[in-house]
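According to the numbering used here, the sequence shown is numbered sequentially starting from 2.
Built from N, CA and C at the ideal position, the CB exists for glycine as well.
Each remark here refers to the structure printed beneath this line.
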Amino acid sequence: MTTRRHRRLTLTGSITGAVLVALDGTVLTVAQPTLQRDLHASFVQVQWTSTGYLIAVASLLVFAGRLGDRYGHQRLFALGILGFAATSAGIGLAPGIGWVIGLRVTQGICGALLQPATLGMLRATYPEDQLGMPIALRTSAIGLSAAAGPVLGGALVAHQGWRAVFFLTVLPALVTGVLALVVRVPDGCVPAVRAPAGGGPTVRGPAGGVPAAASSVPRQAPAAVAPDTSLAARLDLLGACLLALALLCLVHTLVALPESGWTAVTVAGAVTAVAAFGAFLRQERRTASPLVPLGFLGSPPVAAALAVLLSASAALFGTLFVGTYFLQDVLALDPLQSALRVLPLAVMMVLSAPAAAVLQRRHGARRTTVVAMTLLTLGILFLSLLDRTSATPAISAAFLLLGAGFGTVMVTATAVIVHQASADRAGVAGGLQQTAMNIGPTLGVALATMLMTLTAPTAAGKVPSAGGLHRTAEAFTSAMDSTLPAFACVAALGALAAGALPHRTKTTGARQPPTTPARDGRQPSAMTAKAGSE
Numbered sequence: 002m003t004t005r006r007h008r009r010l011t012l013t014g015s016i017t018g019a020v021l022v023a024l025d026g027t028v029l030t031v032a033q034p035t036l037q038r039d040l041h042a043s044f045v046q047v048q049w050t051s052t053g054y055l056i057a058v059a060s061l062l063v064f065a066g067r068l069g070d071r072y073g074h075q076r077l078f079a080l081g082i083l084g085f086a087a088t089s090a091g092i093g094l095a096p097g098i099g100w101v102i103g104l105r106v107t108q109g110i111c112g113a114l115l116q117p118a119t120l121g122m123l124r125a126t127y128p129e130d131q132l133g134m135p136i137a138l139r140t141s142a143i144g145l146s147a148a149a150g151p152v153l154g155g156a157l158v159a160h161q162g163w164r165a166v167f168f169l170t171v172l173p174a175l176v177t178g179v180l181a182l183v184v185r186v187p188d189g190c191v192p193a194v195r196a197p198a199g200g201g202p203t204v205r206g207p208a209g210g211v212p213a214a215a216s217s218v219p220r221q222a223p224a225a226v227a228p229d230t231s232l233a234a235r236l237d238l239l240g241a242c243l244l245a246l247a248l249l250c251l252v253h254t255l256v257a258l259p260e261s262g263w264t265a266v267t268v269a270g271a272v273t274a275v276a277a278f279g280a281f282l283r284q285e286r287r288t289a290s291p292l293v294p295l296g297f298l299g300s301p302p303v304a305a306a307l308a309v310l311l312s313a314s315a316a317l318f319g320t321l322f323v324g325t326y327f328l329q330d331v332l333a334l335d336p337l338q339s340a341l342r343v344l345p346l347a348v349m350m351v352l353s354a355p356a357a358a359v360l361q362r363r364h365g366a367r368r369t370t371v372v373a374m375t376l377l378t379l380g381i382l383f384l385s386l387l388d389r390t391s392a393t394p395a396i397s398a399a400f401l402l403l404g405a406g407f408g409t410v411m412v413t414a415t416a417v418i419v420h421q422a423s424a425d426r427a428g429v430a431g432g433l434q435q436t437a438m439n440i441g442p443t444l445g446v447a448l449a450t451m452l453m454t455l456t457a458p459t460a461a462g463k464v465p466s467a468g469g470l471h472r473t474a475e476a477f478t479s480a481m482d483s484t485l486p487a488f489a490c491v492a493a494l495g496a497l498a499a500g501a502l503p504h505r506t507k508t509t510g511a512r513q514p515p516t517t518p519a520r521d522g523r524q525p526s527a528m529t530a531k532a533g534s535e
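Here's what the structure looks like:
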């Protein structure tokens with residue numbers, strides 16, 4: 002196989018993997034109300050189909066990127082996409098909600114392996130001066146899938162049922178995974194790059210690092226080699242586990258509190274979450290290869306940009322979780338009709354990205370982000386004013402504001418994070434951005450579940466019960482009227498944090514490489530989560 006053909010296959014595989022993950026996130030949101038009814042699940046159980054996936058991705062994203070650096074991005078890509086296909090098929094055949102939740106967590110692990118590799122393969126296959134075109138094609142494909150995903154998912158759910166949205170990705174994922182396994186890297190295809198300090202120079206490619214002895218690059222002197230440490234320490238496996246435990250206990254406590262109150266279980270969950278997070282911070286300070294480099298977080302612009310991304314993603318995805326149920330359970334729209342109402346959000350996210358870059362150059366990161374967060378806040382407030390008599394233009398206008406605000410924030414806040422990093426820390430910057438973009442939706446969906454369950458009984462006059470939340474449209478609307486203003490406050494806090502961003506985005510003076518490791522991803526379960534995270 003020629004080098005040119007291999008690069009084309011690599012680009013095709015990278016685009017396919019990223020698009021499949023983006024589609025999975027967009028179509029799941031449309032399918033959740035139907036899934037709940039068919040499996041007789043509660044509101045809390047359905048949110049775990051989203052947060053279970055997101056916790057797995059958020060915890061393992063950077064860890065998986067480092068695995069790809071060590072063992073080869075193409076190998077990790079094949080493992081991740083084949084696992085993604087298998088779990089998608091399993092979810093489509095699942096007999097109950099417990100199986101769906103468990104398989105979604107497993108799918109999150111596969112997604113964490115897959116997402117950094119989609120960019121890692123491109124970086125390892127293309128020379129640096131040729132990376133612009135393949136990354137642009139990949140980003141455009143993700144944007145198109147984000148726009149088309151809700152409509153495609155709505156049509157499938159309306160005519161074939163919710164299981165069809167999971168079967169949709171199985172065949173292309175299997176074909177792509179098999180090709181990734183059988184295709185070998187041709188000689189001369191792999192550009193040489195320098196390995197991390199202490200590891201010796203390597204020639205990296207889709208199949209992994211080739212020892213320097215096998216290349217023309219001279220070896221370093223033995224004295225330059227860093228002290229040997231365990232593989233788990235170099236990859237910070239302990240940090241990933243502690244972050245997962247903290248998120249899991251926090252989400253469980255949030256969704257359990259409305260029904261059970263402060264019981265021994267919820268208190269233990271809260272205490273464990275705090276203890277695990279404290280241990281995580283301690284681990285990150287002590288390890289030589291931290292999952293989240295705390296020193297980089299000490300930069301005020303970086304901290305402000307991450308706070309903006311967390312608040313924006315939490316507010317948007319929590320709002321979408323509630324909004325999808327409003328469209329299908331209160332307005333009695335079918336999944337396809339609901340998807341068409343939400344389509345302006347995906348379209349505006351695609352269109353706002355290039356516009357945001359222009360606005361940032363003209364008006365600076367601070368002013369652009371503050372305006373964008375204000376649009377996001379207004380969109381949430383507008384959505385909170387809707388009721389059973391609301392017409393399609395009003396609904397679409399609310400989602401249009403959400404898309405315009407969030408799409409702009411994604412570009413501006415991410416640019417600040419990347420430009421504050423030196424060229425040799427661009428991967429760290431990208432990893433932080435992707436981690437924030439998975440933690441935000443996790444907390445947003447969990448908070449939406451807690452607030453909806455807590456406030457719905459006020460109108461229903463019954464004991465709090467997530468399972469009985471949708472017995473009347475009036476109870477749901479009442480809960481939505483209290484929940485969405487809370488998310489508007491979260492978005493407003495993000496607008497305040499944006500005030501700490503630099504007026505003009507500073508560059509480091511060196512050209513920035515692509516910001517991987519990445520998530521496609523959405524991913525989030527919330528609409529366009531995966532597209533937003535890319």
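Pairing G109 with A437, the inter-Cα distance amounts to about 16 Å. Under the three-state reduction of DSSP output, V184 falls in the coil class, being neither helix nor strand. Going by DSSP, D482 is part of the alpha helix (DSSP H) stretching over A474 to A499. Nearest Cα to L401 within the set L379, T415, M411 and R389: L379. Here T30 is near T325, since their CB atoms are less than 8 Å apart.
Taking C-beta atoms under 8 Å as the contact rule, F477 and V331 qualify, at a distance of about 6 Å. Closest in C-alpha terms to A277, from the list G500, S60 and A501, comes S60. For G380, the enclosing alpha helix (DSSP H) covers residues A366 to S385. Around the beta carbon of S261, a 10 Å sphere encloses fewer than 16 other beta carbons of the protein chains shown; the residue is thus reported as exposed. For G112, the uninterrupted alpha helix (DSSP H) segment begins and ends at I98 to T126.
DSSP places F78 in the uninterrupted alpha helix (DSSP H) bounded by H74 to G93. W263 sits exposed, since fewer than 16 C-beta atoms from the chains shown fall within 10 Å of its C-beta. If you draw a straight line from the Cα of A304 to the Cα of L352, it is about 27 Å long.
Straight-line spacing of the CA atoms in V20 and A142 works out to 7 Å. With a contact defined as Cβ atoms closer than 8 Å, P259 and L485 miss out at about 17 Å.
With contacts defined as CB atoms closer than 8 Å, M122 and G14 qualify as a contacting pair. The three-state secondary structure of R38, taken from DSSP, is helix. Secondary structure within the stretch 271-335: the alpha helix (DSSP H) runs of 4 or more consecutive residues, fully enclosed, are 295-298 and 301-326 (chain order).
In the DSSP assignment, A245 falls within the alpha helix (DSSP H) that extends over L238 to S261. Short of 7 Å from the beta carbon of I98, and not among the five residues preceding or following it, lie these beta carbons of its own chain, in chain order: L40, A42 and Q46. Under a 10 Å Cβ-count criterion, H253 is classified as buried, with 16 or more other Cβ atoms of the shown protein chains found around its own Cβ. The shortest CA-to-CA distance from L346 to any of L384, L243, Q361 and A333 is the one to L384. Inter-residue distance for A416 and L494 is about 20 Å (C-alpha atoms, whole angstroms). Short of 7 Å from the beta carbon of T107, and not among the five residues preceding or following it, lie these beta carbons of its own chain, in chain order: T88.
L310 is the residue among D388, V63, G319 and L310 whose C-alpha sits nearest the C-alpha of L497. Residue environment for A333: exposed (fewer than 16 other C-beta atoms within 10 angstroms of its C-beta).
In the structure shown, the three-state DSSP call for H7 is helix. Here L328 is buried: its Cβ has 16 or more other Cβ atoms, across all protein chains shown, within 10 Å.
Spanning the alpha carbons of P355 and Q421 requires a straight line of approximately 21 Å. Each residue's CA atom was taken as its position, placing E285 and G279 some 10 Å apart.
By the CB criterion at 8 Å, A23 and W163 fall outside the cutoff.
Distance from the CA atom of A57 to the CA atom of S51, rounded to whole angstroms, is 10 Å.
Distance from the CA atom of A241 to the CA atom of L114, rounded to whole angstroms, is 13 Å. W49 carries a helical assignment under DSSP once its states are collapsed to helix, strand and coil. With contacts defined by Cβ atoms closer than 8 Å, V28 and L153 form a contacting pair.
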